[in-house]
Amino acid sequence: MRVIREATATDAGILAAMLGALLHEHQARHPDTYPRLDPEVAAAFYATEWARRLGADAACHVWLATDRDCRGFLAGEVWARPVGEPPTAFFVEWIYVVPEHRKSGLARALFRDRLIPFCRRHGIDVVEGRTVPGDTQWAARGWAVTAQSVMRGVDALALDVAVRPDDAGRLVGAPL
């Protein structure tokens, strides 16, 4: 029988295994993912965090889809903004369903049976997430793309902004 339940600190090991699988799969599909995470190192880090925070930190939430075994999970946090609207949102950090159980309604059940009721109980009107360039699955499901992150290596940026001969006489200020 399928059960969608809150994860506890004792679930950290199985969560780490599923997160490692998710990261391997995601990085194979999107090799230019930034930031690049070593799947095992990241999974171990998050497992330690979840073991420490689940049940103790009101902002951290993970739900498991189970049926005699663990088949998927949804993990995220309540975000409070000191300025801006909405003042509170739930940020989905990870959503994963074991490949052989995909297209069975588990991901929808994680959202429907746990995340949405949680948000409604706590007055949270918006669920947010982050994706990578080229990953169109969220937009295809009706999620609005609202922001994009950008990055530039410090050495490349230094070359971009280096003083040029035509800058002479126009710059004022002392170096840091």
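All residue numbers for the sequence shown refer to this note's numbering, where the first residue is 5 and numbers rise by one.
The beta carbon of each residue, even a glycine, is placed where N, CA and C say it ideally should be.
Residue j beta carbon less than 8 angstroms from that of residue i
i, j, result
"TRP83", "VAL66", "no"
"HIS30", "GLY138", "no"
"ALA27", "LEU41", "Before going further, note that residue 27 is Leu rather than Ala in the sequence given. Against a cut-off of 8 angstroms, the Cβ pair of LEU41 and LEU27 comes out as a contact."
"GLU97", "ALA69", "no"
"ILE128", "PHE94", "yes"
"VAL130", "LEU119", "no"
"ALA47", "GLY76", "no"
"THR12", "GLY88", "no"
Three-state secondary structure (DSSP) of residue i
i, result
"LEU27", "helix"
"ILE120", "helix"
Nonlocal neighbours in the same chain, by C-beta distance under 7 angstroms from residue i, ignoring five residues either side
i, result
"ALA63", "GLU81 and VAL82"
"MET74", "The amino acid at residue 74 is misidentified as Met; the sequence shows Cys. If we look at CYS74 and ignore the five residues flanking it on each side, its Cβ neighbours are ILE18, MET22 and LEU68."
Sequence-distant residues of the same chain with beta carbon closer than 8 angstroms to residue i, five excluded per side
i, result
"ALA113", "ARG6, ILE8 and ALA69"
"TRP147", "GLY133"
"ARG85", "PRO91, THR92 and ALA93"
Presumed contact (8 angstroms Cβ cut-off) between residue i and residue j, rounded CB distance
i, j, result
"TRP142", "THR135", "5 angstroms"
"MET188", "TYR38", "Since the displayed the chain opens at 5 and closes at 180, residue 188 lies outside it and no answer follows."
Whole beta strand (DSSP E) elements within the stretch 9-91, 3-residue minimum = 64-70 and 74-84
Which whole runs of the alpha helix (DSSP H) in the stretch 137-173 are 4 residues long or more, in chain order?
-> 141-144 and 158-164
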